[in-house]
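Line by line, the protein sequences give chains A and B.
Here the working numbering is used: the first sequence runs in plain steps of one and ends on residue 223.
Here the working numbering is used: the second sequence runs in plain steps of one and ends on residue 223.
Built from N, CA and C at the ideal position, the CB exists for glycine as well.
Bear in mind the structure is a predicted one, so any value in this text is a computation, not a measurement.
Contents: one structure, followed by commentary.
2 protein chains.
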Amino acid sequence: MDNQRHQVIIADDHPILLKGLHEFLADLGLEVIGAFHNGKDALDAIVDSQPPLAILDLEMPEMTGLEVAADCKKLGLKTRVILLTLHKELKFYQQAKELNISGYILKEFALNDLRKAIDTVLSGQEFFSEKLFEGLKKEDCLSDHSLTPSELKILRLIADGHSTKEIAEQLFISERTVDKHRSNIISKLNLEKKHNSLLIWAQNNKDNLY
Amino acid sequence: MDNQRHQVIIADDHPILLKGLHEFLADLGLEVIGAFHNGKDALDAIVDSQPPLAILDLEMPEMTGLEVAADCKKLGLKTRVILLTLHKELKFYQQAKELNISGYILKEFALNDLRKAIDTVLSGQEFFSEKLFEGLKKEDCLSDHSLTPSELKILRLIADGHSTKEIAEQLFISERTVDKHRSNIISKLNLEKKHNSLLIWAQNNKDNLY
DNA sequence: CTAACAATACGTAGAAATACCTATTTTTCA
DNA sequence: TGAAAAATAGGTATTTCTACGTATTGTTAG
């Protein structure tokens with residue numbers, strides 16, 4: 014490892030985790046030049062000192078790790094971002110891929126995995142764990158069924174608790190059209206032929222409807 | 014503080030958090046005699062060395078922190094348990110109160126709160142944070158509306174995705190009765206007068222229907 | 001270009017959820 | 001014991017969701 018002199022900024026709204034991360038990075042020989050409890054403070058510090066690496070929690074008050082990364086990209090900073098997260102949710106993963114996220118690892122990962130991720134990212138490569146990929150494939154109920162954009166849009170509205178009539182009004186289309194879409198969604202998702210099965214499914218999977 | 018000689022066992026399936034907790038307790042002068050990634054190992058160690066304190070994550074593989082605490086009570090151990098958790102969910106809180114849980118704190122708490130909790134518990138008292146109480150009161154949609162046992166039972170079945178007909182069959186009562194209960198639940202919960210509003214509410218609050 | 005797909009729309013029908021009534025029996029508690 | 005609360009059941013009507021058809025218009029990829 015040639016991490017000896019690398020500077021890093023970290024942020025996590027869970028103090029215990031922040032402390033653990035801080036200690037661990039120090040053990041690795043990295044210099045933690047800033048540790049923050051929210052995204053906004055972290056971004057300010059990153060802009061100020063432009064370190065080669067920032068390790069950020071995904072879910073934080075003020076600004077999420079993703080938002081911080083987005084701003085870094087907008088500002089043209091060279092700071093690489095590794096996201097720490099509890100969830101292997103697809104919507105975040107997709108967004109992470111679109112931004113300049115260099116790594117995405119789960120908090121449940123072993124410290125050794127984290128060390129590997131840091132090494133990889135500092136050497137200029139990306140680190141998106143295999144474990145993460147597997148998990149995503151299993152959880153991704155949508156890609157398998159290849160819903161069309163309209164179907165997805167309607168599915169999101171259903172998940173938000175809107176009725177067919179409301180959806181029709183909102184999208185300026187006929188209720189019958191919405192009906193048809195619902196029908197198609199139900200077959201694609203292979204749902205039970207039972208009343209409200211689509212509504213129930215949508216309510217339970219609303220977080221995956223990125 | 015007179016924590017100088019106290020022994021403690023900790024467990025959390027998030028390695029970074031476990032490390033942070035370990036370091037923090039060491040800073041406080043406590044002696045961490047065991048740090049584990051799952052509940053089972055932690056329980057074994059607690060039974061072996063019967064320390065005065067154990068700080069456990071609520072959600073862990075093998076055994077949850079609650080299960081470990083339940084076993085400790087069953088075995089008559091004097092080890093006091095503080096639960097660490099990410100969620101302020103009522104169902105866990107209720108269970109925690111019924112077991113020999115001495116403290117229940119959120120991972121988002123400041124280190125100072127954690128220190129206070131440890132002091133309080135080691136001195137023989139309980140620590141259930143005020144913040145936690147407030148949060149629970151807000152999230153507890155049920156106690157305010159005083160649903161009857163039957164109404165709760167039906168609400169749970171609705172949350173499980175069952176239709177009125179299915180519920181009637183399952184409970185050996187008329188569909189009309191279920192209708193009436195639904196109606197009453199809707200007024201008690203003050204839901205919108207809109208189709209499926211009860212179903213949507215039930216789906217979104219199923220975790221609070223302990 | 002054309003064949004496939006997507007989005008649009010309509011008709012008919014049935015199952016389900018809800019509203020707003022009334023009414024009886026059972027339980028609970030003061 | 002007597003009153004209140006809860007659980008039970010029914011009637012009638014409306015709205016919504018879903019199924020299963022058909023059919024027209026764009027769009028797009030081979």
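Asked, Found
"Nearest-angstrom beta carbon gap, B:Lys120 and B:Leu99 [assumed within contact, 8 Å]", "5 Å"
"Opening and closing residue of the alpha helix (DSSP H) in which B:Ile23 lies", "Here B:Ile23 belongs to no alpha helix (DSSP H); instead the beta strand (DSSP E) covers 20 to 24."
"Any C-beta of chain A under 7 Å from that of B:Asp54", "no"
"Neighbour-count burial assignment, A:Phe140, 16 or more Cβ in a 10 Å radius", "buried"
"Strand pairing of A:Glu44, partner residues [DSSP]", "A:Gln20"
"Beta-carbon separation (whole angstroms), B:Arg93 vs B:Pro65, contact threshold 8 Å", "6 Å"
"Neighbourhood of B:Ser163 by C-beta, 7 Å cutoff - its chain only, sequence neighbours within 5 removed", "His194"
"Rounded distance between the beta-carbons of A:Leu69 and A:Val81, thought under 8 Å", "6 Å"
"Same chain, Cβ closer than 8 Å to B:Gly78, neighbours up to 5 away in sequence not counted", "Ala24, Gly52, Leu69, Asp70, Leu71, Glu72, Val94, Leu96, Leu97, Thr98"
"Range of the contiguous beta strand (DSSP E) that encloses B:Leu119", "114 to 119"
"Close-in-space but distant-in-sequence residues of the same chain around A:Pro28 (CB under 6 Å, 5 per side omitted)", "none"
"Chain-ordered chain B contacts of A:Gly78 [CB-CB under 7 Å]", "Those within 7 Å of A:Gly78 in chain B number zero; the least Cβ separation is about 15 Å."
"Of the listed residues A:Asp84, A:Gly137, A:Ala48, A:Asp173, nearest to A:Trp214 (C-alpha basis)", "A:Asp173"
"Own chain, CB closer than 8 Å to B:Ser176, minus 5 neighbours either side, in chain order", "none"
"Opening and closing residue of the beta strand (DSSP E) in which B:Thr98 lies", "93 to 98"
"Exposed unless 16 or more other CB atoms sit within 10 angstroms - verdict on A:Ser62", "exposed"
"Per-residue DSSP class, three states only, for B:Asp70", "strand"
"Cβ-Cβ distance between A:Val45 and A:His35 below 7 Å", "yes"
"Coarse secondary structure for A:Phe185, derived from DSSP in three states", "coil"
"Length of the line joining the Cα atoms of A:Asn125 and A:Tyr117", "15 Å"
"Below-7 Å beta-carbon distance, B:Lys193 vs any chain A residue", "no"
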